[in-house]
Amino acid sequence: NAGVTQTPKFQVLKTGQSMTLQCAQDMNHNSMYWYRQDPGMGLRLIYYSASEGTTDKGEVPNGYNVSRLNKREFSLRLESAAPSQTSVYFCASRETANQSGNTIYFGEGSWLTVV
Amino acid sequence: AQSVAQPEDQVNVAEGNPLTVKCTYSVSGNPYLFWYVQYPNRGLQFLLKYITGDNLVKGSYGFEAEFNKSQTSFHLKKPSALVSDSALYFCATAGSSASKIIFGSGTRLSIRP
């Protein structure tokens, strides 16, 4: 069972370069999320998509853009990478955002280093 | 605004002893509370959740959590710790804002043989 799949697993970027993190889920979930994880900070929400065709900002959206390509896929783009964006990025999905008790499921993470 | 707090950065327990990882919450309305575990270089795995009903929730790998409304707490527990339980544990809440799940800062659990 694939669940939530993220690519790439590891990436090194130079400051100013752009890249896109890809995410796909095969659970027919409506809602998808991008989080970043930094030491001592827990997980912080970057953007989320409550349903296909909608996206909303989370706690730390600056420097990022997202695209909900279809129900399965939700990509995160760094237009001009900065060292402050060095982090571990997690994609997640949930059956629906309107039910607070629904469990959120995570991908395995993407380790991004900006030099 | 909804939030969760994990007051301990690290918890150290001897193998075979009971363990507790603490979490307190602040939400308006009914709280929806979750525990996740993260092993090194892996994503977060769901352990258990509280939506409504019994205050004691049982989850994966022998873990359980106790919901206490008066103390606004949702502590994770296990009667007998294993070395393999060593990992990073996150408490989370959805609260009244159904669209978002907010995570605590995490507690590193270390079980010594």
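For the record, the sequence lines run as chains W and D. Under the working numbering, think of the first position of the first sequence as -11, with each following residue one higher. Under the working numbering, think of the first position of the second sequence as 8, with each following residue one higher. Quick reminder that beta carbons are idealized off the backbone N, C-alpha and C, glycines included. All values reported here derive from a predicted model rather than from experimental measurement.
Using alpha carbons as the reference points, say which of the options lies closest to residue i.
i, options, result
"Ala69 (chain W)", "W:Met20, W:Asn53, W:Ala80", "W:Asn53"
"Thr42 (chain W)", "W:Leu66, W:Met20, W:Glu83, W:Gln5", "W:Met20"
"Phe53 (chain D)", "D:Ser67, D:Ala101, D:Thr27", "D:Ser67"
"Lys29 (chain D)", "D:Arg49, D:His82, D:Phe110", "D:His82"
"Thr74 (chain W)", "W:Gly46, W:Gly95, W:Val(-8), W:Gly51", "W:Gly51"
"Gln78 (chain D)", "D:Asp92, D:Tyr32, D:Gly23", "D:Tyr32"
"Thr3 (chain W)", "W:Pro71, W:Gly95, W:Ile92", "W:Pro71"
"Val64 (chain D)", "D:Leu51, D:Ser91, D:Lys85", "D:Lys85"
"Gln90 (chain D)", "D:Arg119, D:Ala72, D:Lys76", "Residue identity differs from the one stated: residue 90 (chain D) is Val in this sequence, not Gln. The option with the nearest alpha carbon to Val90 (chain D) is D:Arg119."
"Pro(-4) (chain W)", "W:Cys11, W:Gly28, W:Asn58", "W:Cys11"
"Gln25 (chain W)", "W:Thr8, W:Glu47, W:Met7", "W:Glu47"
"Ala88 (chain D)", "D:Pro25, D:Val11, D:Gln9", "D:Pro25"
"Phe78 (chain W)", "W:Pro27, W:Ile34, W:Ala(-10)", "W:Ile34"
"Met15 (chain W)", "W:Gly(-9), W:Leu1, W:Leu31", "W:Gly(-9)"
For residue i, list the residues DSSP reports as bridge partners.
i, result
"His82 (chain D)", "D:Glu73"
"Asp26 (chain W)", "W:Gly30"
"Glu96 (chain W)", "Answer is none; Glu96 (chain W) lacks a bridge partner."
"Asn18 (chain W)", "Answer by DSSP bridge pairing: none, since Asn18 (chain W) is not bridged."
What first and last residue would you give for the beta strand (DSSP E) that runs through residue i?
i, result
"Val122 (chain D)", "The structure shown does not extend to residue 122 (chain D), since chain D is modelled only from 8 to 120, so the question has no answer here."
"Cys98 (chain D)", "94 to 100"
"Asn50 (chain W)", "Run containing Asn50 (chain W): none; DSSP gives neither H nor E here."
"Leu51 (chain D)", "51 to 57"
"Ile108 (chain D)", "Unbroken run through Ile108 (chain D): none, as it is neither H nor E."
"Leu1 (chain W)", "-2 to 1"
"Val11 (chain D)", "10 to 12"
"Thr(-7) (chain W)", "-8 to -5"
Could you round the C-beta distance between residue i and residue j to whole angstroms and report it? I think they count as a contact, below 8 Å.
i, j, result
"Ala94 (chain D)", "Ile108 (chain D)", "Wrong, their Cβ atoms sit about 19 Å apart, outside the cutoff."
"Glu40 (chain W)", "Arg56 (chain W)", "6 Å"
"Gln(-6) (chain W)", "Ser98 (chain W)", "5 Å"
"Ala70 (chain D)", "Leu55 (chain D)", "Sequence inspection shows Phe at residue 70 (chain D); the Ala mentioned does not correspond to that position. Contact flag correct, Cβ pair sits at about 6 Å."
"Ser112 (chain D)", "Asn19 (chain D)", "Going by Cβ atoms, the distance from Ser112 (chain D) to Asn19 (chain D) rounds to 18 Å, so no, they are not a contact pair."
Can residue i be considered in contact with the ligand FAD, in the sense that its beta carbon sits closer than 8 Å to one or more heavy atoms?
i, result
"Val90 (chain D)", "Judged by which ligands are present, the structure shown has none, so any question about the ligand FAD falls away."
Quick test of the definition: if touching needs 3 or more C-beta pairs under 8 Å, does the segment 56 to 63 of chain D touch the segment 36 to 45 of chain D? Yes, the segment 56 to 63 of chain D touches the segment 36 to 45 of chain D.
How do the segment 10 to 20 of chain W and the segment 28 to 40 of chain W stand: do at least 3 beta-carbon pairs fall below 8 Å, yes or no? yes
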